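Under this note's numbering, the residues of the sequence shown are numbered 21 to 348, in order. No residue lacks a Cβ here, since even glycine has one placed at the ideal position from N, Cα and C. Quick caveat: nothing in here was measured; it's all calculated off a predicted structure.
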Amino acid sequence: MPVISVPQAFNEDDLYVDLEGTFGHPLFLKCEGFNFAGSIKLKAATEMVEAAERDGLLTPGSVLVESSSGNLGVALSMIAASKGYRFLCVTDARCNLATRLMMEALGSQVHVITEPDPVTGFLGARIDHVRALCASEDRYVWLNQYTNPNNGMAHYRRTAPAIARQFPDLDVLFVGAGTTGTLMGCARYFREWHRPVRIVAVDSVGSVTFGGAPGRRMIPGLGTSKRPPLLDESYVDDVVCVAEADTIRACHRLARRGFLFGGSTGTVVSGAMDWLSRQEEGDLTAVAIAPDLGERYLETIYQANWVQDLYGEDVLSSQSLTTSSQAT
21 MPVISVPQAF NEDDLYVDLE GTFGHPLFLK CEGFNFAGSI KLKAATEMVE AAERDGLLTP
81 GSVLVESSSG NLGVALSMIA ASKGYRFLCV TDARCNLATR LMMEALGSQV HVITEPDPVT
141 GFLGARIDHV RALCASEDRY VWLNQYTNPN NGMAHYRRTA PAIARQFPDL DVLFVGAGTT
201 GTLMGCARYF REWHRPVRIV AVDSVGSVTF GGAPGRRMIP GLGTSKRPPL LDESYVDDVV
261 CVAEADTIRA CHRLARRGFL FGGSTGTVVS GAMDWLSRQE EGDLTAVAIA PDLGERYLET
321 IYQANWVQDL YGEDVLSSQS LTTSSQAT
């Protein structure tokens with residue numbers, strides 16, 4: 021029986037869902053949402069905060085500040101509350117209401133950017149606001165998940181080794197690309213492993229991470245309007261880009277089997293099935309990382325009016341949810 025005194029001390033790291041019966045291709049989904057922060061971002065948040073403490077950047081009077089679309093903000097809110105720091109999250113209008121309310125419930129301040137930068141989008145506008153805060157007062161400490169090497173190190177030390185223990189014959193790993201911390205940490209670990217593992221990055225259509233054209237993205241988490249500084253494409257074997265309508269379909273197909281996952285997970289699963297459907301090898305051991313669960317998306321991805329207003333009436337049709345183009 022685990023007994024903890026701080027919330028970041030608990031994280032279920034060895035839970036997988038076998039998706040072959042749902043999507044028609046063998047794929048094990050690593051569930052990262054079973055901790056008090058509700059997402060994989062707990063690992064990066066913990067690693068970055070502890071490194072800043074060791075380096076003397078965080079002091080009792082410090083105010084943590086970070087740009088986040090949601091999940092990292094919740095993780096930092098939780099850790100800040102546990103350690104007695106103040107925290108200010110700079111997010112944008114796409115952040116789920118439940119996520120904002122959760123950060124505020126944990127005692128954090130949330131600043132919502134309502135207008136994107138004309139060139140760098142919402143992400144650029146968020147970062148500009150963070151930089152302005154840091155320039156205004158020395159008490160603000162920006163961990164900067166976009167350039168902080170401890171973002172990726174958390175997954176090099178924890179996420180990838182956990183997968184390797186459970187799947188010693190791993191052939192391919194699917195990882196969603198946001199800041200690319202999870203992607204780079206896992207990719208670097210498996211580059212050094214005893215057998216080759218193909219690393220497939222899953223991105224959102226409309227993201228510029230891998231050179232795609234910028235476009236509208238309404239689901240927070242994966243994708244970016246600015247190339248991530250952490251990204252080193254030499255570690256990536258393939259890239260799959262997923263339209264948000266396909267993200268939503270994957271989420272709803274999972275929900276109809278009793279698994280309520282978040283938008284990033286829907287994107288990764290859809291991309292993985294697309295990739296697997298195009299492979300001639302039929303006996304691949306494949307794992308995908310599910311960053312979070314679906315409760316925070318009840319007013320968006322799982323709300324029919326929101327989905328239909330943005331993506332059309334046919335997105336949630338019975339045929340689209342029972343027949344997967346990726347699995348045929």
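- Between the segment 170–182 and the segment 108–123 there are fewer than three inter-stretch CB-CB distances shorter than 8 Å, so the stretches are not counted as touching.
- Your pair Pro234 and Gly226 checks out as a contact, with CB atoms roughly 6 Å apart and the cut at 8 Å.
- In the DSSP assignment, His131 falls within the beta strand (DSSP E) that extends over 129–133.
- Taking Asn91 as reference, the option from Thr79, Ala118, Glu73 with the minimal CA-CA separation is Ala118.
- Using a Cβ-Cβ distance cut-off of 8 Å, the segment 60–76 and the segment 135–150 are not in contact, since fewer than three pairs of beta carbons, one from each stretch, lie closer than that value.
- Within the segment 79–147, the complete alpha helix (DSSP H) segments of 4 residues or longer fall at 91–103, 117–125, listed in chain order.
- Beta-bridge annotation (DSSP): Phe48 is paired with Asp38, Val307.
- By the criterion of a C-beta distance shorter than 6 Å, Ile99 is surrounded in its chain by Gln28, Ala65, Val69, once the five residues flanking it on both sides are discounted.
- Sequence-distant partners of Cys154 (beyond 5 residues in either direction) whose C-beta falls short of 6 Å from its own C-beta, in its chain, are Tyr160, Trp162.
- As DSSP reads the structure, Cys261 sits in a beta bridge with Asp223.
- The Cβ-Cβ distance between Ala306 and Leu84 does not fall below 8 Å.
- Exclusion of the five residues before and after Phe194 leaves Val220, Val222, Val288, Ala292, Ala308 as the residues of its chain whose Cβ lies within less than 6 Å of its Cβ.
- With contacts defined by Cβ atoms closer than 8 Å, Ser290 and Thr320 do not form a contacting pair.
- Taking each of Gly196, Ser82, Glu135, Gly205 in turn and checking the Cα distance to Asn168, the smallest one comes out for Gly205.
- Beyond the five residues adjoining it in sequence on each side, Ala182 comes within less than 7 Å, by CB distance, of Asp33, Asp34 in the same chain, given in chain order.
- Per DSSP, the unbroken alpha helix (DSSP H) holding Trp326 starts and ends at 324–331.
- Of the candidates His131, Ser97, Thr285, Ser102, the residue whose Cα lies closest to the Cα of Met123 is Ser97.
- Taken in chain order, the whole alpha helix (DSSP H) runs of length 4 or more contained in the segment 160–206 are 169–174, 180–186.
- Between the alpha carbons of Gly196 and His214 lies a distance of about 24 Å.
- Within 10 angstroms of the beta-carbon of Thr199 lie 16 or more other beta-carbons, which makes it buried.
- In this structure, Arg218 sits away from Tyr255, with a CB-CB distance that is not shorter than 8 Å.
- In the assembly as shown, Ser224 is a buried residue. Its beta-carbon has 16 or more other beta-carbons within 10 Å.
- Leaving aside the five residues that flank Ala180 on each side, the residues in its chain whose CB is nearer than 7 Å to its CB run, in chain order, Gly205, Cys206, Tyr209, Phe210.
- For Trp213, there is no enclosing alpha helix (DSSP H), as DSSP gives it neither H nor E.
- As the crow flies, the alpha-carbon of Gly232 is around 42 Å from that of Gly81.
- The count of Cβ pairs closer than 8 Å, one atom from the segment 274–283 and one from the segment 36–56, reaches three, so the stretches are in contact.
- Distance from the Cα of Leu296 is smallest, within the candidate group Gly58, Leu121, Leu77, Gly44, for Gly44.
- The beta carbons of Asn170 and Glu67 sit closer together than 8 Å.
- For the alpha helix (DSSP H) assignment, the uninterrupted runs of no fewer than 4 residues enclosed by the segment 238–298 are, from N- to C-terminal side, 264–275, 283–297.
- For the 8 Å CB-CB criterion, Tyr322 and Gly282 do not form a contact.
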